[in-house]
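>
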Amino acid sequence: MKLRKIKRLYCGVLLCSVCFIAHAAPKAAVTPVPALTAPVVDTAHIMQDEKKQALNSYLSAVSEQTGVQIAVLTVPSLGGETIESYSMRVAESWKLGDAKKDSGALLVVAVQEHSLRIETGYGLEGLLTDAVCGMIIRNSIVPQFKAGNYTQGIVNGALKIAAVATEGAEITTVARPTEKADRYSAVTDIGAVVFCLLIVFMVLSSRSGLGMLWWPSLFAGSPYRRRRTFWRGGMGGGDFYGGSHFDSSHFGGGFGGGPGSHFSGGGGHFGGGGASGKW
Numbered sequence: 050m051k052l053r054k055i056k057r058l059y060c061g062v063l064l065c066s067v068c069f070i071a072h073a074a075p076k077a078a079v080t081p082v083p084a085l086t087a088p089v090v091d092t093a094h095i096m097q098d099e100k101k102q103a104l105n106s107y108l109s110a111v112s113e114q115t116g117v118q119i120a121v122l123t124v125p126s127l128g129g130e131t132i133e134s135y136s137m138r139v140a141e142s143w144k145l146g147d148a149k150k151d152s153g154a155l156l157v158v159a160v161q162e163h164s165l166r167i168e169t170g171y172g173l174e175g176l177l178t179d180a181v182c183g184m185i186i187r188n189s190i191v192p193q194f195k196a197g198n199y200t201q202g203i204v205n206g207a208l209k210i211a212a213v214a215t216e217g218a219e220i221t222t223v224a225r226p227t228e229k230a231d232r233y234s235a236v237t238d239i240g241a242v243v244f245c246l247l248i249v250f251m252v253l254s255s256r257s258g259l260g261m262l263w264w265p266s267l268f269a270g271s272p273y274r275r276r277r278t279f280w281r282g283g284m285g286g287g288d289f290y291g292g293s294h295f296d297s298s299h300f301g302g303g304f305g306g307g308p309g310s311h312f313s314g315g316g317g318h319f320g321g322g323g324a325s326g327k328w
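In terms of the numbering used here, the sequence shown opens at residue 50 and continues consecutively.
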């Protein structure tokens, strides 16, 4: 009887010790989910500013024109958490994509762990299948990451995700030079003045009978046309309509939707579809 009491006392002391140790042990730091302030949230600071701005603009245009919301998040470390667990926490917090269509996709890059993952919303799982996401990671992102080209890898991956998720939709973007905007404006103003003077001269000369001699020759050449640019994506790369080939290595800034533009999740849901990878 006395031995039984000693055993119970020993078990009680052991249980209390285990609980105390578990409570006192330092807990692993949980990597916080940053606020969704733009399509590209680069908390690891691994992207070049110019190309990050351009990608922000492009993904904003994709969201506005197709309803497909694609976001990129880079973090320095996962703090011991798996890439799958963390990306789901981000996806559930950001709620990318239309609430009814669940048309969201997320690319997460963890630098210290050399891990990345593409997370897909319910509505895109038929297009961005696990196999397709794995192929994008292996073929478009990882080779660039291994070469140290983080910016280009992210741009390549985001463009491929957009091409698949929108089924090759034409995304309209209008080039807007930033550094030379004032010079362009000045040239435009001068051109407007010259054009007005030409109109006046043509009217006056036509009255004297001379206008008919040079009017056709003035417009014989190709007139200046400001052309919109369309991008059509595909698994093999995209092309700009009008004959110029899209080269993501020269993906530069200057598109609309820059700093100050609003971007937030639309209430989409995620179910764990996608793929993970390492480099």
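The beta-carbon is built from N, C-alpha and C at its ideal position, and this holds for glycine as well.
Mind the definition here: the region 132 to 146 touches the region 157 to 175 only if three or more C-beta pairs lie below 8 angstroms; say whether that holds.
Cβ pair count under 8 angstroms is three or more, so yes.
> Assuming D151 and G323 form a contact by the criterion Cβ under 8 angstroms, report the distance between their Cβ atoms to the nearest whole angstrom.
Here residue 151 refers to the residue found at position 102 of the sequence shown. Here residue 323 refers to the residue found at position 274 of the sequence shown. Going by Cβ atoms, the distance from D151 to G323 rounds to 13 angstroms, so no, they are not a contact pair.
> Looking at the unbroken beta strand (DSSP E) that takes in G157, where does it start and where does it end?
Along the sequence shown, read from residue 1 onward, the residue named residue 157 stands at position 108. Position check: residue 157 holds Val in this sequence, whereas Gly was assumed. Per DSSP, V157 belongs to the beta strand (DSSP E) from 153 to 159.
> Provide the residue span of the alpha helix (DSSP H) that contains A140, from first to last.
The residue given as residue 140 occupies position 91 in the sequence shown. It spans 132 to 143 - the alpha helix (DSSP H) in which A140 sits, taken as one unbroken run.
> Alpha carbons only, please: which of I190, G146, I186, E113 is nearest the one belonging to E219?
Residue numbering aside, residue 219 sits at position 170 when the sequence shown is read from its first letter. The shortest Cα separation from E219 among I190, G146, I186, E113 belongs to E113.
> Rounded to whole angstroms, how far is the Cβ of S142 from the Cβ of V82, which I believe are closer than 8 angstroms?
Here residue 142 corresponds to residue number 93 of the sequence shown, with the count starting at 1. Here residue 82 corresponds to residue number 33 of the sequence shown, with the count starting at 1. About 5 angstroms; that satisfies the 8 angstroms criterion.
> Would V79 pass as a contact of G128 if the rule is Cβ separation under 8 angstroms?
Taking the first residue of the sequence shown as position 1, residue 79 is located at position 30. Taking the first residue of the sequence shown as position 1, residue 128 is located at position 79. Their beta carbons are under 8 angstroms apart, which means V79 touches G128 by this criterion.
> Can you name, in chain order, every residue of its own chain whose Cβ lies under 8 angstroms from the Cβ of L177, other than the five neighbours on each side?
On the sequence shown, residue 177 is found 128 positions in, with the first residue counted as 1. Cβ within range, chain order: A154, I167, T169, I210, V213, A214, G322, G323.
> Cβ atoms of S325 and S126: under 8 angstroms apart, would you say?
In the sequence shown, residue 126 corresponds to position 77, counting from 1. In the sequence shown, residue 325 corresponds to position 276, counting from 1. No.
> Pull up the DSSP beta-bridge partners for I167, would you.
Here residue 167 is taken as the residue at index 118 of the sequence shown, counted from 1. In DSSP, I167 forms a bridge with L156, A324.
> Closer than 7 angstroms by C-beta to W328: which residues in its own chain qualify, once you throw out the five before and the five after it? Chain order, please.
Your numbering for residue 328 matches position 279 in the sequence shown. Result list for W328: H163, V191, F194, K195, in chain order.
> Which same chain residues, not among the five before or five after T131, have their C-beta less than 7 angstroms away from its C-beta?
Reading the sequence shown from its first residue, position 82 is the one you call residue 131. Correct list: empty, nothing qualifies.
> Which two residues bound the contiguous alpha helix (DSSP H) that contains A180?
Looking up residue 180 in the sequence shown gives position 131. That run of the alpha helix (DSSP H) goes 179 to 185.
> According to DSSP, is T86 part of a helix, a strand, or is it coil?
Looking up residue 86 in the sequence shown gives position 37. In the structure shown, T86 sits in coil (DSSP, three-state: anything other than H, G, I, E or B).
> Please determine, among I95, A140, K144, E174, the residue with the shortest C-alpha to C-alpha distance to Q161.
Here residue 161 corresponds to residue number 112 of the sequence shown, with the count starting at 1. If we check each option's Cα against that of Q161, I95 comes out closest.
> Which of the three DSSP states is assigned to H318 in this structure?
Residue 318 sits at position 269 when you count from the first residue of the sequence shown. Of the three classes helix, strand and coil, the one that applies to H318 here is coil, per DSSP.
> How far does the alpha helix (DSSP H) with V79 in it extend, from its first residue to its last?
Taking the sequence shown and counting its residues from 1, one reaches residue 79 at position 30. V79 -> no alpha helix (DSSP H), and no H or E assigned at all.
> Mind reading off the beta-carbon distance from K144 to G314? Whole number of angstroms is fine, and I expect it under 8 angstroms.
The sequence position of residue 144 within the sequence shown is 95, counting from 1. The sequence position of residue 314 within the sequence shown is 265, counting from 1. Yes, K144 and G314 are in contact; Cβ-Cβ is about 4 angstroms, under 8 angstroms.
> So, are the CB atoms of D147 and G183 less than 8 angstroms apart?
Working through the sequence shown from its first residue, we reach residue 147 at position 98. Working through the sequence shown from its first residue, we reach residue 183 at position 134. For D147 and G183, no; Cβs fall outside 8 angstroms.
> Give every residue of the same chain whose Cβ lies closer than 6 angstroms to the Cβ of G172, excluding the five residues on either side of it in the sequence, and list them in chain order.
Numbered from 1 along the sequence shown, position 123 holds the residue referred to as residue 172. Around G172: K150, D151, S152.
> P88 to H318, Cα distance in whole Å?
For the purposes of this step, residue 88 is identified with residue 39 of the sequence shown, where counting begins at 1. For the purposes of this step, residue 318 is identified with residue 269 of the sequence shown, where counting begins at 1. Cα-Cα distance, rounded: 17 angstroms.
> Ignore the nearest five residues each way along the sequence and tell me which others in T86's own chain have a CB closer than 8 angstroms to its CB.
Residue 86 sits at position 37 when you count from the first residue of the sequence shown. Here the set comprises F312.
> Determine the contact status of V124 and A93, defining contact as a CB-CB distance below 8 angstroms.
Taking the first residue of the sequence shown as 1, we reach residue 124 at position 75. Taking the first residue of the sequence shown as 1, we reach residue 93 at position 44. Yes, they are a contact pair.
> Determine the direct distance from the alpha carbon of G206 to that of I185, and round the result to whole angstroms.
Residue numbering aside, residue 185 sits at position 136 when the sequence shown is read from its first letter. Residue numbering aside, residue 206 sits at position 157 when the sequence shown is read from its first letter. Roughly 6 angstroms separates the two Cα atoms.
> Nearest by alpha-carbon distance to A140: which of Y107, A84, K101 is it?
Here residue 140 refers to the residue found at position 91 of the sequence shown. The shortest C-alpha separation from A140 is found at A84.
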